[in-house]
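Down below is the structure, laid out as structure tokens.
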Amino acid sequence: MDISYILNELGEERENYFNAIAPPIIQTSNFKFNTVDDFRSALADEYQGNLYSRGFNPTVDILRKKLAALDGTEDALVFGSGIAAVTIPVLALLQQGDEVICVENPYSWTIKLFTDLLPKFGVTTTFVDGSDTAAIEAAITPQTKLIYLESPNTFSFEVQDLEAIAKIAHAKNIITMIDNSYCSPLYQQPIAYGIDLVAQSATKYLAGHSDVVAGVVTGKKELIKRIFEKEYMNIGAAVAPQNAWLLLRSLRTLPIRLEKITANANKVIEYLEQHPKIEKVLYPFSKNNKQLDLAKKQMKACGGLFSIVLKDPSLEKIETFCNSLKHILMAVSWGGYESLIIPACAGVSKADFDVNNPRHVLIRIYVGLEEPEYLIRDLEQALEKVQNL
Ligand SMILES: *Cc1c(COP(=O)(O)O)cnc(C)c1O
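First residue of the sequence shown? That's 935 in the numbering used here, and the numbers climb one at a time after it.
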């Protein structure tokens, strides 16, 4: 399907709302029925249509159609957060006694799901180095029901061989799921490689303006219906119509935003890579990445997210650099219009900080829509301060 058709037309039944170009926000909790018979059939199968907005809602439905089509699959559910789009499908797929294989170093709350929450229900998880497909295969047991991927992850950017892992999983009837937030559907299409479920934090590129928290999962109708009927409805993490509408509005500009963000990030990376005070820049398409070929095979581009390591890093140097930035904001999240920075050391107590731990010294940068020269000037003056230590 043509991306312009998906973003401009698909799912938009304008004759149903006065031929308005922009869809309405159907801000309602419930929908009325004319006969008991109609009511009965709606209650018997809520997946059919509109009954109550904890399930489906017409504004959200437009978004569901577009998001499923963007991933090249049949259906989508939209959630009140990205982590709900991870947690709820995972809960739906597993039972007591099942086992999960998860790649190392996924998103922080995904780690908590597998290490803190699921053990309460008798589900255990093995974390495996995702760059080692053979290690994933070797970790499979008769109880393995789910292989959970995040390719690339959003701090150190390791990737997994999606096609090879999906093949191994399917041969053993194991479901595969990926967190595709880093790439978005524009830069990576996991369904095409045989992955069953694709989750994304819609808070990031899809929303793109740092004003909405939401999530999405896409896949075949049969799987999506299974997630919808019990866990989606029971946990009650539906997106609000207003936020769905903001996401529809954001999707119109997703390609042009990503194009500009990627071009900006490439210029900033080019500057940082030649800077004498920068030890290295980590991102999937770095020529120093030992997974470069695989990343290039699976991904169209990298977008705005990457990490750096300062030369001879110390806590003082990292803090001086980050505290000195004037325009690049220190905050969580990414994918919006504004450039951001997170030093990994902010998530570690001062006592636990270990300068020899390669993950502790990472500084993650997200490049947004500002002009690259403006960002480079900010980085330049902050790096100058580091020199004066
Ligand atoms: C932000 C993020 C999430 C969680 O999404 P929320 O919308 O914050 O709940 C999950 N995975 C990745 C990779 C993320 O960056």
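C-beta atoms are modelled at their ideal positions from N, C-alpha and C, and glycine is treated no differently.
Residue i Cβ short of 6 Å to ligand 1 heavy atom set
i        : result
Ile-1017 : yes
Gly-1014 : no
Val-1150 : no
Ser-1273 : no
Val-1173 : no
Asp-1145 : no
Tyr-1041 : yes
Ser-1115 : yes
Ser-1090 : no
Thr-1021 : no
Thr-1327 : The displayed coordinates of the chain run from 935 to 1323. Any statement about residue 1327 would go beyond what the structure contains.
For residue j and residue i, the rounded distance between their alpha carbons
i        : j        : result
Gln-1029 : Ser-1135 : 25 Å
Tyr-1041 : Val-1266 : 12 Å
Thr-1110 : Lys-966  : 38 Å
Phe-1287 : Phe-1091 : 21 Å
Glu-915  : Lys-999  : The requested residue 915 is not part of the displayed model; the chain covers only 935 to 1323.
Ile-1242 : Gly-989  : 42 Å
Lys-1194 : Leu-1185 : 15 Å
Ile-1107 : Pro-1023 : Just to set this straight, residue 1107 is Asn in the shown sequence, not Ile. Whole-angstrom Cα-Cα distance: 17 Å.
Trp-1043 : Leu-1317 : 32 Å
Glu-1165 : Gln-1123 : 26 Å
Glu-1304 : Leu-1188 : 16 Å
Val-1146 : Ile-959  : 15 Å
Ser-963  : Ser-987  : 5 Å
Thr-1075 : Tyr-1082 : 15 Å
Ile-937  : Lys-1251 : 45 Å
Residues that DSSP places opposite residue i in a beta bridge
i        : result
Tyr-1082 : Cys-1036, Met-1111
Ser-1042 : Paired residues: none, contrary to the question.
Asn-964  : Tyr-986
Leu-1244 : Ile-1212
Ser-1135 : Gly-1149
Leu-1011 : Val-1151
Phe-1061 : Cys-1036
Ile-1275 : Met-1264, Ile-1299
Minimum Cβ-Cβ distance from residue i to chain C less than 7 Å
i        : result
Gln-1321 : Absence of chain C from the displayed structure is noted, only one protein chain being present.
Subject >> Secondary structure, beta strand (DSSP E): runs of 3+ residues fully inside the region 1153-1230 >> reply: DSSP runs (the beta strand (DSSP E)) wholly in the region 1153-1230: 1212-1216.
Original post:
Does the region 1005-1016 come close enough to the region 1030-1039 to have 3 or more Cβ pairs within less than 8 Å?
Top reply: Segments in contact, no.
Original post:
At a cut of 8 Å, does the region 1060-1071 reach the region 1081-1097 through at least three beta carbon pairs?
Top reply: Note that the region 1060-1071 touches the region 1081-1097; at least 3 beta-carbon pairs, one per stretch, sit closer than 8 Å.
Original post:
Counting pairs of Cβ atoms below 8 Å between the region 1042-1061 and the region 1195-1212, do you hit three or more?
Top reply: Contact between the region 1042-1061 and the region 1195-1212 is absent, because fewer than three Cβ pairs lie under 8 Å.
**OP:** Spell out a yes or no on whether the region 1153-1173 and the region 1203-1210 are touching, meaning 3 or more CB-CB pairs, one atom from each, closer than 8 Å.
**Re:** Under the 8 Å Cβ criterion, the region 1153-1173 does not count as touching the region 1203-1210, having fewer than three qualifying pairs.
Original post:
Quick check: the region 1143-1160 against the region 994-1009, are there 3 or more CB pairs under 8 Å?
Top reply: Contact between the region 1143-1160 and the region 994-1009 is present, because at least three Cβ pairs lie under 8 Å.
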